[in-house]
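For reference, the structure discussed in these notes is given below.
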Amino acid sequence: MKNEIIKIVIGAILFGLALIIDTDISYLPIILFIISYIIVGGEVVMRAIKNIIRGNVFDENFLMGIASIGAFFVGEFSEGVAVMLFYQVGELFQDYAVGQSRKSIASLMDIRPDYANVKKDDEIIVMDPDDVKVGDIIVVKPGEKIPLDGIVVEGSSTIDTTALTGESLPRDITVGDELLSGCININGVITAKVTKEFEESTVSKILDLVENASSKKSKSEQFITKFARYYTPVVVIVALILAVVPPLIIEGALFSDWIYRALTFLVVSCPCALVISIPLSFFGGLGGASRKGILIKGGNYLETLAQTEIVVFDKTGTLTKGVFNVQEVYVEDNINISKEELLMIAAHAESFSNHPISTSLKRAFNKEINNEIISNVEEISGHGVSAIVDGKKIIAGNDKLMEKYNIPYFKGELFGTVVHVAINDVYAGYILIADEIKEDAAKAISSLKSLNIKQTVMLTGDNALVGEKVAKELNIDDFYAELLPGDKVNKLEELFEHKSSKGKLAFVGDGINDAPVLARADIGIAMGGLGSDAAIEAADIVIMTDEPSKIADAIKISKKTLRIAKQNTVFAIGIKFLVLILSAFGLASMWAAVFADVGVAFLAILNSFRALNVKDI
Amino acid sequence: MKKKYVLEGLGCANCAAKMERAINELEGVKSATVNFITTKLVIEGDDNKMDDIIVASEKIIKKIEPYVVIKKA
Chain A
1 MKNEIIKIVI
11 GAILFGLALI
21 IDTDISYLPI
31 ILFIISYIIV
41 GGEVVMRAIK
51 NIIRGNVFDE
61 NFLMGIASIG
71 AFFVGEFSEG
81 VAVMLFYQVG
91 ELFQDYAVGQ
101 SRKSIASLMD
111 IRPDYANVKK
121 DDEIIVMDPD
131 DVKVGDIIVV
141 KPGEKIPLDG
151 IVVEGSSTID
161 TTALTGESLP
171 RDITVGDELL
181 SGCININGVI
191 TAKVTKEFEE
201 STVSKILDLV
211 ENASSKKSKS
221 EQFITKFARY
231 YTPVVVIVAL
241 ILAVVPPLII
251 EGALFSDWIY
261 RALTFLVVSC
271 PCALVISIPL
281 SFFGGLGGAS
291 RKGILIKGGN
301 YLETLAQTEI
311 VVFDKTGTLT
321 KGVFNVQEVY
331 VEDNINISKE
341 ELLMIAAHAE
351 SFSNHPISTS
361 LKRAFNKEIN
371 NEIISNVEEI
381 SGHGVSAIVD
391 GKKIIAGNDK
401 LMEKYNIPYF
411 KGELFGTVVH
421 VAINDVYAGY
431 ILIADEIKED
441 AAKAISSLKS
451 LNIKQTVMLT
461 GDNALVGEKV
471 AKELNIDDFY
481 AELLPGDKVN
491 KLEELFEHKS
501 SKGKLAFVGD
511 GINDAPVLAR
521 ADIGIAMGGL
531 GSDAAIEAAD
541 IVIMTDEPSK
551 IADAIKISKK
561 TLRIAKQNTV
571 FAIGIKFLVL
581 ILSAFGLASM
591 WAAVFADVGV
601 AFLAILNSFR
611 ALNVKDI
Chain B
1001 MKKKYVLEGL
1011 GCANCAAKME
1021 RAINELEGVK
1031 SATVNFITTK
1041 LVIEGDDNKM
1051 DDIIVASEKI
1061 IKKIEPYVVI
1071 KKA
């Protein structure tokens, strides 16, 4: 690169000298021009000759060589040198810009771990992660990347998941926890048992996904490739016609004039600006998204995302946390116990069950269960449980259970699963267990609406009461409740009718048992992909964190990328055609042509850089 | 069978597109992509024709950009 700069500077000085020199010797400037040309463009001409020998005619070098040498022959020495000079400067800038974008993309890919510390017979061997086997014991020191997926067997630490989720929220891990490759170990030394080979590990899957994403080309990219294929030959043929035909048929037309116009054509004939900048925009968009923890499996999906009209959400695990927690403990006024005691009684009565309700009761109680005070446990399937706890007869369960025992109970509207509790056949109160709405769910819906999404829909297998409450709270347009997994696909079919022919429908689920729906939607988005192979497999877009608000981010990134790609297409094609038309009429000089070639390429590349920047999205 | 290579010194995007097109036309190639930005070449082809495919691909690459160095990824 340094040599090139020196060459260009020397060439430019000689060129400037030749332009301003005031001498009687008429051939001196010409000699200066020729020397300058050889310094700056000699290599280009050599390359062109070599390529012709190899049978590769229409490359950039050849076109530029012909254009500049042609200019010499029609007596335009200064322009001949200028073409080469600016072409070289432009190439230099282009190389620099491409180098920069390659670098920033490489840093994006920098999550690949280089080595693993494998423990064998109390010795630690440094190995290539590729050679580590399932069941091997690895040691990860502070500051190191976790090389393979595993389970912690010794030690505890805090890990940084930024590389996978785009969030710098550290996670605490300890013995028994799952360890995901690609994360960085911050403080403690951890020993882990490998559960997946490198190829199957999270980090490999993500890298694969990001790399392969750019091979699934968007329509804009396909258009450009096709355009480029025909553009150069057509321009070259038109140039040939322009050089020969008009001087023969138009009276008084000069060959030198028309050859100059033809040469100007050749300068504009390379489609490089487009061929680089469009894929670069998409790659930038994909890379930027992955930096935010949004993995998009292809440029085509990034493109479709911008046309989303309807977003359909699954409820549990997507808009809600999918974790059932005690929301409310209610004690009847005339019963003389505290809320804590009611919870204790219910947790003990249900303690033998492994139903999610029992788990959440135990979690809310958050103390040791004393098995000695529990006896005569009887589970009444589909209803609840009866037991003796601490000498009292406890009945705990749903409405049906209370009715069965003829115990009057609270009959108001409750959103969630209710556990009524009766002590010695007297109604004591209830415990309400419900799924919690995610913190950012409301923001997710409101930002979608601000992006002109026409309809937001929620599908749930839950009862209508719960569905309605969630939909209202989040301001979702429509909801369909009490759906069996199979019904969801049918509902989706109905919703397809609501959109315009160009609009797209996106479905957002958690990847667990909604694979058919994810596949049927125009765009399937899976949430919480961290560590879930099923989700990564089934969806077109994987959101690594649990935040539904990332969907709006993804759409914004998509729109921005498309906008940049469109700007580049219109700008590059527009300028090129303008210069072609002007030069056909003899109105544009070769200078303008050089700008239309390298200047446009450079500006388009700079513009496409913006796609990578997703910080303010 | 899938093979990955890094094309060091890949200089022009249009050339990358030309390489991709030419390699895709080789016999036995299911799909080939040349990524200008990551400079990666990925060829998917019939197992028993892979050796021929690689030799032919190398020729194509060298013809279009003689300065490119092909390395295993």
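Chains as they are written, first to last, in my numbering: chain A, 1 to 617; chain B, 1001 to 1073. Beta carbons: idealized from backbone N, C-alpha and C, even for Gly.
Inter-residue spacing [alpha-carbon to alpha-carbon] between residue i and residue j
i: Phe624 of chain A; j: Ile605 of chain A; result: No answer is possible for residue 624 of chain A: the residues shown for chain A start at 1 and end at 617.
i: Leu474 of chain A; j: Leu302 of chain A; result: 26 Å
i: Glu1044 of chain B; j: Val1034 of chain B; result: 12 Å
i: Glu340 of chain A; j: Arg363 of chain A; result: 13 Å
i: Val377 of chain A; j: Met109 of chain A; result: 57 Å
i: Ile525 of chain A; j: Ala535 of chain A; result: 9 Å
i: Glu436 of chain A; j: Leu342 of chain A; result: 22 Å
i: Lys443 of chain A; j: Asp553 of chain A; result: 11 Å
i: Val244 of chain A; j: Thr264 of chain A; result: 14 Å
i: Ile111 of chain A; j: Pro271 of chain A; result: 34 Å
i: Asp399 of chain A; j: His420 of chain A; result: 7 Å
i: Ile581 of chain A; j: Val267 of chain A; result: 13 Å
i: Lys219 of chain A; j: Ala1032 of chain B; result: 18 Å
i: Leu164 of chain A; j: Gly41 of chain A; result: 47 Å
DSSP state of residue i mapped onto helix, strand, coil
i: Asn3 of chain A; result: helix
i: Asp435 of chain A; result: strand
i: Lys417 of chain A; result: Inspection of the sequence shows that residue 417 of chain A is occupied by Thr rather than by Lys. In this structure, Thr417 of chain A counts as strand in the three-state DSSP scheme.
i: Lys315 of chain A; result: helix
i: Arg47 of chain A; result: helix
i: Ile335 of chain A; result: coil
i: Thr304 of chain A; result: helix
i: Arg171 of chain A; result: strand
i: Ala422 of chain A; result: strand
i: Val517 of chain A; result: helix
i: Met1019 of chain B; result: helix
i: Ser26 of chain A; result: coil
i: Glu127 of chain A; result: Checking the displayed sequence, the identity of residue 127 of chain A turns out to be Met instead of Glu. In this structure, Met127 of chain A counts as strand in the three-state DSSP scheme.
i: Val89 of chain A; result: helix
i: Leu451 of chain A; result: coil
i: Met458 of chain A; result: strand
i: Phe324 of chain A; result: strand
i: Val329 of chain A; result: strand
Exposed unless 16 or more other CB atoms sit within 10 angstroms - verdict on residue i
i: Ser204 of chain A; result: buried
i: Asp333 of chain A; result: exposed
i: Glu372 of chain A; result: exposed
i: Ala434 of chain A; result: buried
i: Pro408 of chain A; result: exposed
i: Lys550 of chain A; result: buried
i: Lys1071 of chain B; result: exposed
i: Asn185 of chain A; result: buried
i: Ser181 of chain A; result: buried
i: Pro356 of chain A; result: exposed
i: Met344 of chain A; result: buried
i: Asn452 of chain A; result: exposed
i: Asp1051 of chain B; result: exposed
Beta carbon proximity, residue i to chain B, threshold 8 Å
i: Leu606 of chain A; result: no
i: Arg520 of chain A; result: no
i: Ile105 of chain A; result: yes
i: Glu60 of chain A; result: yes
i: Arg54 of chain A; result: yes
i: Arg563 of chain A; result: no
i: Ser101 of chain A; result: yes
Minimum Cβ-Cβ distance from residue i to chain A less than 8 Å
i: Lys1030 of chain B; result: no
i: Asn1035 of chain B; result: yes
i: Val1042 of chain B; result: yes
i: Lys1049 of chain B; result: no
i: Lys1059 of chain B; result: no
i: Lys1063 of chain B; result: yes
* Residues from the region 1006-1027 of chain B in contact with chain A, defined by Cβ distance under 7 Å -> Cys1012, Ala1013, Asn1014 and Ala1017
* **Members of the region 268-301 of chain A that neighbour chain B once the beta carbon cut-off is set at 8 Å** => Cys270, Pro271, Cys272, Val275, Ile276, Pro279, Leu280 and Phe283
* Identify each residue in the region 208-230 of chain A for which the Cβ-Cβ distance to at least one residue of chain B is less than 7 Å, and report them in chain order. => Residues of the region 208-230 of chain A with a Cβ closer than 7 Å to any Cβ of chain B, in chain order: Glu211, Ser214, Ser215, Thr225 and Ala228.
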